[in-house]
Amino acid sequence: MNGLATTREKVEAGLRRRRRTERVFRLTGILATTVGVLFLGVFFADLIGKGSSAFFQTFIQLDVEFSEDILGPGSTVDLEYADFDGLARSALRRAFPEVTSRGERRELNRLVSVGAGYQLRDMLVADPALLGARRSVWVPASSTVDMFMKGNIDPALDEALRPLSDPQIGWIKGLQDRGRIAKHFNRALFTNGDSREPELAGIRGALMGSFYMLVVTVLLAFPIGVAAAIYLEEFAPRSRWSDLIEVNINNLAAVPSIVFGLLGLAVFINWAALPRSAPLVGGLVLSLLTLPVIIIASRAAIKAVPPSIREAALGIGASQMQVVFHHVMPLAMPGMLTGTIIGMSRALGESAPLLMIGMVAFIVDVPGGFSDPATALPVQIYLWADSPERAFAERTSAAIMVLLGFLLLMNLTAVIVRKRMERKW
Amino acid sequence: MTMAIMTETETTENRTSATAQVDLPDEKRDPPATIATELGATVGNVRCENPFVVAENIDVYYGDNHAIKNVTLEIGKSEVIALIGPSGCGKSTFLRCLNRMNDSIESARVTGKITLDGQDIYGKGLDPVALRARVGMVFQKPNPFPKSIYDNVAYGPRIHGLATDRAELDDIVHRSLERAGLLKEVKDRMDEPGTGLSGGQQQRLCIARTIAVDPEVILMDEPCSALDPIATARIEDLIDELSEDYAIVIVTHSMQQAARVSRRVAYFHLGLLVEVDETDKIFTNPQHRLTEDYITGRIG
Ligand SMILES: Nc1ncnc2c1ncn2[C@@H]1O[C@H](COP(=O)(O)OP(=O)(O)OP(=O)(O)O)[C@@H](O)[C@H]1O
Ligand SMILES: [Mg+2]
């Protein structure tokens, strides 16, 4: 009786202490979560604050006369050499007839992007009947005008310290009064490759480069990784060798990614003579990088299949192979796919190894295949972040937003795959 | 109460250590003069009239652990034999030798000779996959596949190619479920997952799955340990029925169950096969002190 009372007392005394520890632990947890969410919030707010403006771009409306001046010899339009810029320039001059001196005209011409000429050329190519006609066209403004319109250039600043002169600001105001300057959705960001001109630079090239690389990576890393995991888990005899392989795979997952880039440079480019800067090589390198991740995740998924299922299948006379493919694989598939998607999102975000294999080059054309020179989204971010122009800063943030969007999409897919394929057993 | 248990354990230990040396007559409990107390050779009769599975001098090692020691046992055609003994004595290990399930345990090593209908199952030419189609197994914990009820039963016939068309497969599935006494309960829900059945139903599903490949021997490792008395009774009836066509080896911890379903009983102790005999004889007149102690509840 006495013993019982003291037991209860002891428990109760201990209980107070346990509750206190639990409270402290919970508070710490809440604090940690709050700090994490706060950091994330600040990061996103900053990113969106800086980058969202890049999704809109300033355009100037010009009344362009597709005059026959651009016709070359033989009355044909030489698309390479015809002076489409001249069309834009003369339209601009017509809009501001009061500007006459050469110096001023040159300043006036700087309001419009060099992209205007390309745009007019494309219009003429699409519709040759335009020759001789007059059209009202929205052409991209230069990036300094864009920056001014977005409030990034302070007109109160000393003229020498800002990229726009007083007359230029005056003309912009004039265009504004006539409703001929406006911000539109920045389609170029999604349809163009990289460019020296910020207003023409887009992420299409980098996106396609990343896409081709991921295709190579998923095609290589998923089957090889899953096969290796199955072999190691189900067939390989336990020996010193398999232990060694296991340790090495785990180590490989932690090797700095740039080392894989060096390996890719040595093996794929120098030895196998594959093209430099190609998504094919990038994909190969990223496959090496993601293989350990996929193998580890797949092995964990295979290990998680209850042994009773294996025994049941073996006991009824299934061969090892049938056990694996009829019973283990279906149950392990969600885990394998999740591991693969997580590996892929890591690959999508990698830039360091790609620097080593030349995917950091300035490439204007959108790659059309696996061996075309290309760059990748994170490398594009790196390149733009390095550019001095103010207009590239907002594009950097915008590209980061797009990259994060894709990562979010992939991780969401992983969650959905897991939810949909997961079965009870 | 505590005191009583203490002495009991003590005496058991004393006796075991004493028997290890010589045949010491125990003056207190005046046993029949013939009772054996020595450990080593199996008492009773390991042979049977119509042997189908014959295990000769089986030893099993898990690494250094000698789990089965020199066991010889014959199992007859269409007989039910129960393996009993205290936990850890090697019943499951012996059972798993009979369909080579120990192959998948890396540390396990089996020596000796087991023949099935005269054929050496550890012999060179024999594929364990083919063996397991002839020697089916029902496990302690019901382990249906996470597939539909139909697919659970159809799996074995499918992989072994026992049915040529869908109708034949349907027929096998229905017959197996019928024999396992489950058909009535599941015939309207064949496409539902087998894992959604109750524990007893799952175990009967596993039995149906096993008999669907029409084996010659069925091994059952404590098939009723997770079941209530009603489900247990159903499975025991089932064993009775199946014993007409199959040789059945059943591991059980329940003396009553062994007495109810089996024709012969084999008693294992620390890896040794201590005694084998007709069920009646084991339970009324055991020939070994350890057997007697076990069935009267003094060990285990
Ligand atoms: N997979 C294994 N690896 C190593 N040792 C094992 C393994 N399985 C069983 N053993 C050992 O072999 C001995 C016999 O085990 P076994 O499972 O055959 O006993 P059992 O008679 O079936 O017991 P229970 O009645 O509790 O099921 C035990 O000492 C056990 O520790
Ligand atoms: Mg057991």
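Which chain is which? The protein sequence lines are A and B, in order. Counting from 1, position 276 in the first sequence corresponds to residue 276 in my numbering; the numbering is continuous, with no gaps. Counting from 1, position 74 in the second sequence corresponds to residue 1074 in my numbering; the numbering is continuous, with no gaps. Think of the CB as a built atom: it goes at the ideal place given N, C-alpha and C, for glycine as much as any other residue.
Residues of the region 1140-1153 of chain B with a C-beta less than 7 Å from any C-beta of chain A: Lys1141, Asn1143, Phe1145 and Pro1146, listed in chain order. When 9 Å is used as the limit between beta carbons, Gly1136(B) is near these residues of chain A: Gly315, Ile316 and Gly317, in chain order.
Below 8 Å, too few C-beta pairs join the region 162-174 of chain A and the region 360-380 of chain A to call them touching: fewer than three.
Taking a C-beta cut-off of 7 Å against chain B, the contacting residues of the region 292-317 of chain A are Ser308, Ile309, Glu311, Ala312, Leu314, Gly315, Ile316 and Gly317, listed in chain order. Set against 6 Å, the gap from the CB of Thr1296(B) to the closest heavy atom of ligand 1 is not smaller. Fewer than three pairs of CB atoms, one per stretch, sit closer than 8 Å, so the region 1040-1047 of chain B makes no contact with the region 1214-1231 of chain B. The alpha-carbon of Leu1169(B) is positioned some 20 Å away from that of Arg1132(B). Taking a Cβ-Cβ cut-off of 8 Å, the neighbours of Arg238(A) in chain B comprise Glu1106, given in sequence order. A check of alpha carbon separations from Ala297(A) across Asp154(A), Gly51(A), Ala227(A) and Glu9(A) identifies Ala227(A) as the nearest. According to the DSSP secondary-structure assignment, Trp138(A) is paired through a beta bridge with Gln61(A). The C-beta distance from Arg1209(B) to Asn1285(B) rounds to 39 Å, too long to meet the 8 Å contact threshold. Residue pairing from DSSP leaves Leu31(A) without any beta-bridge partner. The beta carbon of Phe1145(B) lies closer than 6 Å to those of Asn1152 in the same chain, with the five residues before and after it left out. When secondary structure is reduced to three states using DSSP, Asn186(A) falls in the coil class, being assigned neither helix nor strand. With a beta-carbon spacing of about 6 Å, Leu407(A) and Leu348(A) fall inside the 8 Å limit used to define contacts. Residue nearest to Glu68(A) within the set Arg420(A), Glu199(A), Glu104(A) and Leu87(A) is Leu87(A) (criterion: CA-CA distance).
Counting C-beta atoms within 10 angstroms of its own C-beta, Lys1091(B) has 16 or more neighbours from the protein chains shown and is therefore classed as buried. The alpha helix (DSSP H) runs of length 4 or more contained entirely in the region 76-107 of chain A are, from start to end of the chain, 84-95. In the three-state DSSP reduction, Glu389(A) falls in the coil class, being neither helix nor strand. Contact with chain A is absent for Val1173(B), since none of that chain's Cβ atoms lies less than 7 Å from the residue's Cβ. Any Cβ of chain B closer than 7 Å to the Cβ of Gln322(A) would place that residue at the interface, and such an atom is present. With contacts defined by Cβ atoms closer than 7 Å, Pro373(A) and Ser351(A) do not form a contacting pair. Among the residues facing chain A, Arg1132(B) is included, as its CB has a counterpart in that chain under 7 Å away.
Ranking Gly36(A), Arg18(A), Leu265(A) and Arg346(A) by CA distance to the CA of Ile294(A) puts Arg346(A) first.
Close CB contacts of Gly1063(B) within its chain, under the 7 Å cut and outside five residues either way in sequence, are with Ser1107 (chain order).
Shortest gap from the CB of Thr1093(B) to any heavy atom of ligand 1: under 6 Å. Cβ-Cβ separation between Phe56(A) and Phe185(A): approximately 6 Å, consistent with a contact (criterion under 8 Å). Against Leu337(A), chain B offers no close residue; the least beta-carbon distance is about 17 Å (beta-carbon pairs closer than 8 Å). If you check each beta-carbon in the region 12-36 of chain A against every beta-carbon of chain B, none falls closer than 9 Å.
At a cut-off of 7 Å between C-beta atoms, Val1129(B) counts as an interface residue with respect to chain A.
Contact between the region 241-248 of chain A and the region 403-421 of chain A is not established, with fewer than three Cβ pairs separated by less than 8 Å. Taking 7 Å as the cut-off, the beta carbon of Gln380(A) is found no closer than this to the beta carbon of Ala393(A). Distance from the Cα of Ser90(A) is smallest, within the candidate group Glu65(A), Glu80(A), Ile316(A) and Val114(A), for Glu65(A).
Counting only Cβ-Cβ distances below 9 Å, Leu331(A) has contacts in chain B at Pro1146, in chain order. In this structure, Tyr1062(B) has its CB closer than 6 Å to one or more heavy atoms of ligand 1. A straight-line Cα-Cα distance of about 57 Å links Cys1089(B) and Val37(A).
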